[in-house]
Amino acid sequence: MAKVTVGKKACAVNPLKMSQPIGGAFAFMGLRGSMPLLHGSQGCTSFGLTLFVRHFKEAVPLQTTAMSEVATVLGGLDNVEQAILNIYNKTQPEIIGICSTGVTETKGDDVEGYIKLIREKHPKLAKFPLVYISTPDFKDAFQDGWEKAVARMIEVLVDKPKSLVRRDPSKVNVLPGCHLTPGDLDELHTIIEDFGLEPSFLPDLAGSLDGHIPDEFVPTTIGGIGVEEVAMMGYASWTIAIGAQMRRAAEALEKKAGTPFKLFERLSGLAPNDEFIMFLSEISGRPVPSKYRRQRGQLADAMLDAHFQIGGRKLAIGAEPDLLFDLSSTLHEMGAHVAVAVTTTHSPVLERVHTDEVLIGDLEDLENLAKAKDCDILITHSHGRQAAERLGIPFYRAGFPMFDRLGAGHQLLVGYRGTRDLIFDVANLIIADQEENRQPTPDTWRLDGTVSHGAAAAATSH
Amino acid sequence: MSSLAATIQGVFNEPGCAKNANKSEAERKKGCTKQLEPGGAAGGCAFDGAKIALQPFTDVAHLVHGPIACEGNSWDNRGAKSSGSNIWRTGFTTDINETDVVFGGEKRLFKAIKEIIEKYNPPAIFVYQTCVPAMIGDDINAVCKAAREKFNKPVIPINSPGFVGPKNLGNKLAGEAILEHVIGTEEPDYTTPYDLNIIGEYNLSGELWQVKPLLDELGIRILSCISGDGKYREVAYSHRARAAMMVCSKAMINVARKMEERYGIPFFEGSFYGIQDSSDSLREIARLLIERGAPEELMARTEAVIAREEAKAWAAIEPYKARLAGKKVLLITGGVKSWSVVAALQEAGMELVGTSVKKSTKEDKERIKELMGQDAHMIDDMAPRQMYKMLKDAKADIMLSGGKSQFVALKAAMPWLDINQERQHAYMGYVGMAKLVAEIDKALFNPMWELLRQPAPWEKASGNWQAKAMAQMEAEAAALAADPVLAEKARRSKKICNCKSVDLGTIEDSIRADGLTTVEGVRERTNASGGCGACSVRVEDILAAMGPSAGEASVPFLQAAE
């Protein structure tokens, strides 16, 4: 039972957190033909855009209402109208997803009201899919923006099934949290299909940001789930929600269409995947394919091989709540001690992290605590690179953004295979660190504490 | 905000800016910022611009007063390099919350400054204003003043909230802030007749260090670089320099000009991109320093270094000549710096396509700048498949451009090299140009391209997307050819002025209706060329083409079209 504390500093140093409007926009990127639109000044969009482009190394659609100082004071109706019309005319999108920002929330723009007026004024937009969420920058974090956007998509886009309609037993909805990569979604897709089920992912980043070369260049998202498929999600037999952040969306779908849901708070680790596979077997009525029996065996073997390295290591981890809970639990189950846990926002899973205290804080906190507790390995997103260098300990990059390594979109953490890869990667980092930096010297075990000259130099050189 | 408004107006009136000089009083008032189009805009805000300009000061703590988006989404994302302190790469933000928005964030800001001083004790703190605290009326000038007095340390307000305009305005507002609060506040330990300021250079990828050894060799001291690898104290005493070089980008022309006005430091606009430009700049530096009292012999030494370095650079490029001869380079960039690489590319035997470039006379250079500036605009507006067709039609072997077109070029299996701000490699000075040629060679001859251009074995060659895109474009072209009405409509809808979004038809109509004969007339009636002004050449062409006889000829055709 971890205690959750909120940092008391006036100045955040080396932020771990990113803003919720871009978390919301990220969710809209998992829809086909989509153009996410931030209602704010152009910088709000350009910073977010740069972050996504550097992470995925792809062209990323993201637009702005380009609010000027004057427009901000007078209200943004004209800018929202112009932006929607421009996007509609220029890029022929299938949907526009709008997120507010700190600027327009401070003024208090009533965007839902604007959308009504715009639909009335422009009949061609009367039925056009427009989804709006309120996401002020000065509240909550990236993960919250995603959570709100997906829930709102369901409220707006899913058709309410007519009564007495029969559910399609082969269809399942999957609501993935924002901590899952396109690679994770591909893996889940394969697993679910192997049970003869047809999944609909909302959002589906694997369709849009997996780095494929599209058949046709479009200025909107190049793939993802179509609006018409989202509309039919109410007819599926089950909803699988992944990460506690997706409870809200799963409940929205249950409320609207009566679809039962099963929430998996984690999909990394042996036990969570056992549960997941058995659930799929149960709802599909099919036995577990031999492929997964083998994969489970491989994972078990990986755990046996890697526990020598990971067991007893002190872990410092900084991540958004669901990723933090998932990764730290898996490594805890491998014998690591979760010595330091820093996160961005509140979540019910935080108190179940296997540590004494989870701090809502920044990377300065993570670095200082990791140093104070003499941690052996650091896990956070790419912004942890400076801290890792100063701490001189192995650094496993996880989460968004990952801009200083390639293949961020394909990092695999879920399923038996993803867990196996995670465990090997972390163990290998530890092995490399041992080989490079922690070889014994004649003075390592000297009792009087004196150190010969050469050893002192070697010990500080890493 | 009245003082901020005044500062912005002052920047718009900047007499050092060549573009401003050509504008009327009324146009200057409107400012040089292009009107942003909601739903069609790209690029950073004024805060972004201010931070870009100042963040390379390496020993300063850069504190962003605003919600998490402004710093949390953007920190540590610049490629500038430091020879010393790393505190500039530390992200500091007040991360204001809902309570601050309601009750004001000034107290939090003051406490944040205090925390930074207690924990990191930097020589100075720059405090950046952002939109939300500007809206709720947080007075960062007052907070900075109070902190300055309380902690006896420079705490500098940078008033450039995002919504006042785009990035380039932010660059200039940053310049105003250091002019007002920093420059001239300290004195150097000693001065020499060889003290030089470099203004507007950010040391991206460490490229300043490609040139610095030459200056060191000549005994020229960079008293202050604003702001690449700069230190607070250096900029504070930069008013004691003898001369200044303003790096081409014009980002900080106001700083260069006002330092000339206030402290009598003459400056020139120069560039270290390209071999010729590097030599010109070194000569100009020597000339200005000699004018300000450095010994005459500096020029002879400078010429010797230039001769040696040019010979070395050409020798380094020489081995590539045979391989690169006849290769076609499509050079597309909005950055003014990059056109200066043209001469080097031509020297290496490459041919520029997409822009008609001959050995550069001064007029040619202006023309290149104009052409490429426009193409850069065009490409931003271009659908990717159009861009692909352009690459095919140009029969280019490699494309050099800024970041945005990167993924289209790469996905079209087109060798591509980054020549804008985010690039990984340093291309400055003589060594940089040789590096650029080497990088082009590396990109061009990678065996990967041939493999990637083959369709998957289960796909017919005509079935891949490249073929489809071409077919689609050709079908569209054929449709236009077959239908004069449609063709005329397409012709008339061609965008002439990108800033103000004015198409050819609008311009032709108003020329005809109002009997316009000058670019100014067209600008007044249609707003075309009222933005960056780069399209005035095209407007001139239209005016010329629509001389009395041409005008009459096209009228019946238009009627037919309607």
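Protein chains in written order, with the working numbering: chain A, 1 to 462; chain B, 463 to 1024. Here a beta-carbon is modelled for each residue, glycine too, at the ideal position from N, C-alpha and C. Since the structure is predicted, the reported quantities are computational estimates derived from the model, not experimental observations.
When the five nearest sequence neighbours on each side are left out, the beta carbons in the same chain lying within less than 8 Å of the beta carbon of Ala905(B) are those of Ile860, Pro877, Trp878 and Leu879, in order along the chain. In the structure shown, Met35(A) adopts extended strand secondary structure according to DSSP, grouped into three states. Residue environment for Gln245(A): buried (at least 16 other C-beta atoms within 10 angstroms of its C-beta). Within the stretch 533–564 of chain B, those residues whose Cβ lies closer than 8 Å to any Cβ of chain A are, in chain order, Glu533, Gly534, Asn535, Ser536, Trp537, Asp538, Asn539, Asn548, Arg551, Thr552, Gly553, Phe554, Thr555, Thr556, Asp557, Ile558, Asn559, Glu560, Asp562 and Val563.
Ser68(A) belongs to the set of residues whose beta carbon lies under 8 Å from a beta carbon in chain B. According to the DSSP secondary-structure assignment, Ile727(B) is paired through a beta bridge with no residue.
Residue pairing for Arg683(B): DSSP places it in a beta bridge opposite Asp657(B). If you keep only unbroken beta strand (DSSP E) runs of at least 3 residues inside the stretch 75–99 of chain A, you get nothing at all.
With contacts defined as CB atoms closer than 8 Å, Ser268(A) and Leu327(A) qualify as a contacting pair. Looking only at Ile377(A), Asp365(A) and Gly318(A), the smallest Cα-Cα distance to Val353(A) is reached by Gly318(A). Against chain B, a Cβ distance below 8 Å from Pro21(A) picks out Ala531. Here Phe142(A) is near Cys178(A), since their CB atoms are less than 8 Å apart. For the stretch 506–530 of chain B, the set of positions with a beta-carbon nearer than 8 Å to some beta-carbon of chain A reads Gly506, Cys507, Ala508, Phe509, Asp510, Leu525, Gly528, Pro529 and Ile530 in chain order. As DSSP reads the structure, Arg397(A) sits in a beta bridge with Thr380(A). Not one beta carbon of chain A lies nearer than 8 Å to the beta carbon of Lys615(B). For the set Ala300(A), Lys90(A) and Met402(A), the Cα lying nearest the Cα of Thr330(A) is the one of Ala300(A).
Under DSSP, Ala316(A) forms a beta bridge with Val340(A) and Leu378(A).
For the set Ala271(A), Lys256(A), Leu270(A) and Ile283(A), the Cα lying nearest the Cα of Lys262(A) is the one of Ile283(A). Spanning the alpha carbons of Gly624(B) and Thr555(B) requires a straight line of approximately 15 Å. For Ala241(A), the uninterrupted beta strand (DSSP E) run begins and ends at Ala236 to Ile242, by DSSP.
For the 8 Å CB-CB criterion, Val594(B) and Gly637(B) do not form a contact. Cβ proximity to chain B below 9 Å picks out Thr101, Gly102, Val103, Glu105, Thr106 and Lys107 from the stretch 98–114 of chain A. In terms of Cα proximity to Gly23(A), the closest of Thr5(A), Ala12(A) and Leu49(A) is Leu49(A). Within the stretch 592–603 of chain B, the residues whose Cβ lies closer than 7 Å to some Cβ of chain A are Cys593, Val594, Met597 and Ile598, listed in chain order. For the stretch 361–386 of chain A, residues whose beta-carbon sits nearer than 7 Å to a beta-carbon of chain B comprise His383 and Gln386.
Shortest Cα-Cα distance from Ala703(B) to any of Asp510(B), Tyr694(B), Ala858(B) and Ser686(B) involves Ser686(B). Any Cβ of chain B closer than 8 Å to the Cβ of Ser41(A) would place that residue at the interface, and such an atom is present. Judged by DSSP in its simplified three-state form, Met812(B) adopts coil rather than helix or strand. By a beta-carbon distance limit of 8 Å, Cys532(B) does not contact Pro628(B). Their separation comes to about 16 Å.
Counting only runs that start and end inside the stretch 893–923 of chain B, there is no beta strand (DSSP E) element of at least 3 residues. Interface flag for Arg570(B) against chain A is set, since a Cβ pair is found closer than 8 Å. Secondary structure at Ile1004(B): helix, using DSSP grouped into helix, strand and coil. Between the stretch 673–680 of chain B and the stretch 641–650 of chain B, the count of C-beta pairs closer than 8 Å stays below three; the two stretches do not touch. Less than 8 Å divides the Cβ of Arg313(A) from the Cβ of Ala336(A). Put simply, the CB of Asp137(A) is near chain B, with a gap under 8 Å to one of its CB atoms.
Counting C-beta pairs with one atom in each stretch, the stretch 387–396 of chain A and the stretch 234–250 of chain A have fewer than three that are closer than 8 Å, which means they do not touch.
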